[in-house]
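Undergrad: Pasting a structure below so you can have a look.
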Amino acid sequence: MTVISASSGSSGTSGVSSASVSLDTDALITAAVEARNAPADRIELNVTAAEAKVSAYQELESLLLALGDAADDLRNPASTTENDAFDARSVSLTATGSTEATDILGASVGANAEIGSYSIVVDQVAAVHKVSSDSQSSRDTALGLSGTVSLGAGANTAVSISITSDMTLDEIAAAINAETEDSGVKASVLKVNDGSYMLVLSGAKTNQAISLADSSGNALETLGLITANGDIGNEMQAAQPAILTVDGVEVTRDSNEIDDLIDAVTLYLYGADTGSTITLDVGADLTGINTAISDFADAYNAVRDFILGQQEVGSDGTVPDDAVLYGDALVRSVSNDLSTLLSSLSGSGASLAGIGISLDEDNKLQIDSTALADALSSDLDAVMELFRFEATTSSSKLAVIDNGEAGSSVDFTLDITVDGNGAITAASIGGDSSLFKIAGTRIEGAEGTAYEGIIFAYIGAESASVDVSITRGLAQKISDTITDYAGDYSGAEGSRITTQVDSLNDAVTDMETEISNIQQRTEDYRTWLTEYYARIEAQINAASRLREQLAVLLDSSDD
58 MTVISASSGS
68 SGTSGVSSAS
78 VSLDTDALIT
88 AAVEARNAPA
98 DRIELNVTAA
108 EAKVSAYQEL
118 ESLLLALGDA
128 ADDLRNPAST
138 TENDAFDARS
148 VSLTATGSTE
158 ATDILGASVG
168 ANAEIGSYSI
178 VVDQVAAVHK
188 VSSDSQSSRD
198 TALGLSGTVS
208 LGAGANTAVS
218 ISITSDMTLD
228 EIAAAINAET
238 EDSGVKASVL
248 KVNDGSYMLV
258 LSGAKTNQAI
268 SLADSSGNAL
278 ETLGLITANG
288 DIGNEMQAAQ
298 PAILTVDGVE
308 VTRDSNEIDD
318 LIDAVTLYLY
328 GADTGSTITL
338 DVGADLTGIN
348 TAISDFADAY
358 NAVRDFILGQ
368 QEVGSDGTVP
378 DDAVLYGDAL
388 VRSVSNDLST
398 LLSSLSGSGA
408 SLAGIGISLD
418 EDNKLQIDST
428 ALADALSSDL
438 DAVMELFRFE
448 ATTSSSKLAV
458 IDNGEAGSSV
468 DFTLDITVDG
478 NGAITAASIG
488 GDSSLFKIAG
498 TRIEGAEGTA
508 YEGIIFAYIG
518 AESASVDVSI
528 TRGLAQKISD
538 TITDYAGDYS
548 GAEGSRITTQ
558 VDSLNDAVTD
568 METEISNIQQ
578 RTEDYRTWLT
588 EYYARIEAQI
598 NAASRLREQL
608 AVLLDSSDD
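Going by our numbering, the first residue of the sequence shown is number 58, and it counts up by one from there.
The following block contains the structure:
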């Protein structure tokens, strides 16, 4: 703290008066600066409020995006290669006879596999070819063999391996294994007992016969892997294919893993039992669908919880500090749009209430798990219609490759005109060709129409009239709504939340610039004040020195 003080006193009979002045210049400067900086403090409060709104909008967007992800698992996204929960499949195995089905056969199933049942008998499992040497007394003693051997399995190219006199049984096995990728033959050393070891050669794949020969020398013959006339010396297991009977038809395969017999189904053969018939059932993954619907409800309810939190009013009639979007038009719009979708939705064969889904007093989804499970088991198609985007056409040459964002389900006849060169020249509904634009084999719904975003692919060579039916279920409509609000969803740009956040961020930038300007002007003012009071201090100090000089002179004159 800088204190500026001045004083005068009386001496003798000079009549000089005494007075004192004290100024706390630091306090004066601080008070003045704070007064000048007060507008910046008020703007800072506005910045904090705007940033809180940005954070709240981003939380809402995050919740909407999570809801969009949950909707994707149910909506049949036609514009992607992804599958939804309704495409997933489950597989079950049951067997007649005393052997457990899982001891004989395993199975996995991919999305969109044809639902059905298959009768399977495993008559024989595929096996690798195995041959062995005669017994050798040691695995790590040089065998004294030399020459070149040739070996291969099945269609693999035979490879040549050099054997030298200093090589042990283990080293011969290692030399063979170094060429397995090309030869298709693997080697191992089998310990029979402490004084007995055998070199075992196996096919790398099932049902591939091993071929062996001494190209030079007689190493293989000496080991007993081949006879003097070149035949296999000791065959431990013959190569054999898998043989199974599927719905009465016998089939063979080289492997025990079979993925080309039933579309999107892979079979794994573990054992043969001609007395057991296994029934393989492929069906919809009802457990997965149930989980996807529950996850969808949870994601929707999380959005509702956020909205309810922003609408909350305390018992004293005041709005909580964290309800920063109270009365916000955008939040109200999200709430109304989602609520409208849920309150009015039903398919031709099901309704939300009909499958055990209802809305509580807070407009949150509640699921009766028993009723939902019953609906999935008894009428899966109706449940699918309730949630999914579905498009059917009367011609296999016309396919929907993107489902667009139009909100309503539609049925129409699409008239496609093709010229003499096979190029599409127009597509119309009821004679109106302005509804679509043509891009090669693609027919795209025009912007601003009910068909905006819908994209067809037509591969026909002639003009045609094709009946089209498009159904938009709850998950698809939710997805379309989220695209409007959430900026990151489906690559949407200029969405409503993004626009609002950008506007707030721009305002924050402007306010922070103004705060910076005010603070700079305030600091300039602080500098001026400091210099101003320094000049006053200098003047007072000068006056004080003058007073002291006068006092000395007056004292001298009295003497």
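Built from N, CA and C at the ideal position, the CB exists for glycine as well.
Would a C-beta distance cut-off of 8 Å place D227 and D180 closer than the cut-off?
TA: Contact flag unset, no.
Undergrad: Just curious, the beta strand (DSSP E) that S412 is in, first and last residue?
TA: In the sequence under discussion, the amino acid at residue 412 is Ile, which differs from the Ser named in the question. It is not in any beta strand (DSSP E) - I412 carries neither H nor E in the DSSP assignment.
Undergrad: For the 8 Å Cβ check, are there 3 or more pairs between the region 166-180 and the region 198-213?
TA: With a cut-off of 8 Å, the region 198-213 and the region 166-180 do not count as touching, because too few Cβ pairs lie within range.
Undergrad: Assuming V475 and I511 are in contact, meaning their beta carbons sit under 8 Å apart, how far apart are those beta carbons, in whole angstroms?
TA: With a Cβ gap of about 20 Å, V475 and I511 do not count as contacting.
Undergrad: Using CA atoms only, rank isn't needed, just tell me which of H186, A232, D559 is closest to G211.
TA: Ranking the options by Cα distance to G211, first place goes to H186.
Undergrad: For the alpha helix (DSSP H) holding A123, just list the boundary residues, first then last.
TA: A123 -> alpha helix (DSSP H) spans 82-129.
Undergrad: Drop a sphere of 10 angstroms on the beta-carbon of D288, count the other beta-carbons inside from all chains shown, and report buried for 16 or more, exposed for fewer.
TA: That one is exposed.
Undergrad: Threshold first: 4 residues or longer. Then list the alpha helix (DSSP H) segments lying entirely within the region 470-541, N to C.
TA: Taking only runs of at least 4 residues, no alpha helix (DSSP H) segment lies wholly in the region 470-541.
Undergrad: I'd like to know whether the C-beta atoms of A123 and A356 end up nearer to each other than 8 Å.
TA: It is a contact, given that the beta carbons lie within the stated cut-off.
Undergrad: Of the choices G125, E314, D330, E509, whose alpha-carbon is the least far from that of L324?
TA: L324 has its Cα closest to that of E314, out of G125, E314, D330, E509.
Undergrad: Compute the Euclidean distance between the alpha carbons of D330 and M441, then round it to the nearest angstrom.
TA: Between D330 and M441, the C-alpha separation is close to 40 Å.
Undergrad: By DSSP's criteria, Q596 is part of a beta bridge. Which residues make up the other side?
TA: Beta-bridge pairing links Q596 to no other residue.
Undergrad: From the DSSP output, in three-state form, read off S405 for me.
TA: Any reading at S405 is ruled out, since the residue's pLDDT is 48, under 50, leaving its predicted position unreliable.
Undergrad: If you follow the beta strand (DSSP E) that R146 is part of, which residue opens it and which one closes it?
TA: From DSSP, the beta strand (DSSP E) with R146 extends over 146-152.
Undergrad: At which residue ranges does the region 203-277 contain complete alpha helix (DSSP H) runs of 4 or more residues, listed in the order of the chain?
TA: Qualifying alpha helix (DSSP H) stretches, in chain order: 226-234, 237-240.
Undergrad: Go ahead and label I172 buried or exposed: buried means 16 or more other beta carbons lie within 10 angstroms of its beta carbon, across all protein chains shown.
TA: Result: exposed.
Undergrad: Quick one: what does DSSP say E605 is sitting in, helix, strand or coil?
TA: Residue state, collapsed to three classes: helix.
Undergrad: Taking 8 Å as the cut-off, decide whether the C-beta atoms of A152 and S333 are in contact.
TA: Yes. Within cutoff.
Undergrad: By Cβ distance, which residues of its chain are closer than 8 Å to A599, with the 5 residues on each side in sequence left out?
TA: Same-chain partners within the cutoff: there are none.
Undergrad: By the DSSP assignment, the beta strand (DSSP E) with D317 in it spans what residues?
TA: Its beta strand (DSSP E) spans residues 314-319.
Undergrad: Less than 8 Å between the beta carbons of S272 and V206, yes or no?
TA: Taking 8 Å as the Cβ cut-off, S272 and V206 qualify as a contacting pair.
Undergrad: For D618, which of helix, strand or coil comes out of DSSP?
TA: Examination of residue 618 is not possible in this model, given that the chain is present from 58 through 616 alone.
Undergrad: What's the gap between the Cα of F469 and the Cα of A410?
TA: Looking at the two C-alpha atoms, the distance is approximately 29 Å.
Undergrad: Reducing DSSP to helix, strand and coil, say where G548 ends up.
TA: Unreliable positioning characterises G548 in this predicted model, as indicated by a pLDDT of 46, which lies under 50. The coordinate reading is nonetheless provided below. Residue state, collapsed to three classes: helix.
Undergrad: Between which two residues does the beta strand (DSSP E) containing F143 stretch?
TA: Unbroken run through F143: none, as it is neither H nor E.
Undergrad: Where does the unbroken alpha helix (DSSP H) through L324 begin, and where does it stop?
TA: Counting along the chain, L324 falls outside any alpha helix (DSSP H), though it belongs to the beta strand (DSSP E) covering 322-326.
Undergrad: Looking only at C-alpha atoms, which of I346, S174, D419 sits nearest to S149?
TA: Measuring from the Cα of S149, the nearest candidate turns out to be S174.
Undergrad: Determine the direct distance from the alpha carbon of I300 to that of D338, and round the result to whole angstroms.
TA: Taking the straight line joining both Cα atoms gives about 20 Å.
Undergrad: If D541 sits next to S552, beta carbons under 8 Å apart, how far is it from one beta carbon to the other, in whole angstroms?
TA: With 8 Å as the limit, D541 and S552 qualify as a contact, their Cβ atoms being about 6 Å apart.
Undergrad: Would you grab the beta carbon distance between N347 and L433 for me? Rounded to a whole angstrom, and I think it's under 8 Å.
TA: With a Cβ gap of about 6 Å, N347 and L433 count as contacting.
Undergrad: Rounded to the nearest angstrom, what separates N213 and L247 at their Cα positions?
TA: So the alpha carbons of these two residues sit roughly 25 Å apart.
Undergrad: Tell me, which residues are paired with K187 by DSSP?
TA: S259, Q294, per the DSSP bridge assignment.
Undergrad: I believe L256 touches I229 by the beta-carbon criterion, under 8 Å. Please report the beta-carbon distance rounded to the nearest angstrom.
TA: Right, their Cβ atoms sit about 6 Å apart.
Undergrad: Roughly how many whole angstroms lie between the Cα atoms of A164 and R310?
TA: Computed Cα separation, rounded: 16 Å.
Undergrad: Does the structure place the region 448-457 close enough to the region 375-387 that three or more beta carbon pairs sit under 8 Å?
TA: In short, these stretches do not touch, since the Cβ pair count stays below three.
Undergrad: I think D141 touches R132, with their Cβ atoms under 8 Å apart; what is that distance to the nearest whole Å?
TA: With a Cβ gap of about 6 Å, D141 and R132 count as contacting.
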